[in-house]
Each structure stands twice: as structure tokens, then as C-alpha cells.
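Chemist: Residue numbers (this note's numbering): 14 to 127.
#1: Are there 16 or more other CB atoms within 10 angstroms of the CB of residue 106, so buried, or fewer, so exposed?
#2: Where do the ends of the beta strand (DSSP E) carrying residue 91 lie?
#3: Could you say which of 49, 26, 17 and 46 lies nearest to residue 38 if we only look at CA atoms?
#4: Roughly how many angstroms separate the alpha carbons of residue 108 and residue 116, rounded to a whole number?
#5: Please work out which residues of its chain come closer than 6 Å, Cβ to Cβ, to residue 62, disregarding the five sequence neighbours upstream and downstream, and give them in chain order.
#6: Assign residue 19 to one of two classes, buried (16 or more other C-beta atoms within 10 Å of its C-beta) or exposed (fewer than that).
#7: How would you write the range of the beta strand (DSSP E) that residue 135 sits in, first residue to last?
#8: Can you give the Cα-Cα distance for residue 120 and residue 114, rounded to whole angstroms?
#9: How many angstroms separate the CA atom of residue 80 from the CA atom of residue 60?
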């Protein structure tokens, strides 16, 4: 996780001034808050879950690039079962993160920490 964060932070800074001049730099100099962090992890979870569930339960798998039907387990193939499972996993993860953030803010405010 640390390597992911450090690498992402470093590559965001590559030619940052040039990107800023061209108006294509990430907002806030690339700093991301809790939402960006949760979205990143949710997308990674969705990818893993959809891949594994699609391999196990996919009844019809298709290549995204050509929409041709291919055997389960084919690199780049998607299935309805895998896609739905990935969506549910990402939504569940995001909901848990939102609830945790909400609870932590309530605890911080009520305890006088913030």
C-alpha cells in the first residue's frame, strides 16, 4: 500500500509545472482526500472480484474489444456474473468506508478532538 501511494505521488509530480501551464495537471497538485483513496481501493477490489467470480461462474464471457464470445478465463474477457459481483464488491466497500468516515467524524466532533 505504501509503495502504491509513494509511486502514485511521485509520478504525479513528473513535469508538474509543465502540466500546470497546459492546464492538464491534477487538481490540488494531485493531493487526494479520503474519497480518492476509497475509490482507488474500491476499483482494485472490483477488478479482483469480477475476475475471480467471472472465472468461476461466468456463463458467457466476451472480449471487451471485439464483443466476441471467448472461453472463461480468457485475458480481457468479461461476464455479466463477474461484472455484477465486482459492482457489488465496490459498492459494499465504498458503503463501509463512508459509514466508517461518518462514525469517525461524529466521534471526533462529539469528543471535542476537532
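Glycine included, each C-beta is placed from N, C-alpha and C at the ideal position. Predicted model only: the values in this text are computed from it and were never measured.
Modeler: Let me lay it out:
#1: buried
#2: 90 to 92
#3: 26
#4: 12 Å
#5: 98, 99 and 102
#6: exposed
#7: Here the chain has residues from 14 to 127 only, and residue 135 is not among them.
#8: 10 Å
#9: 19 Å
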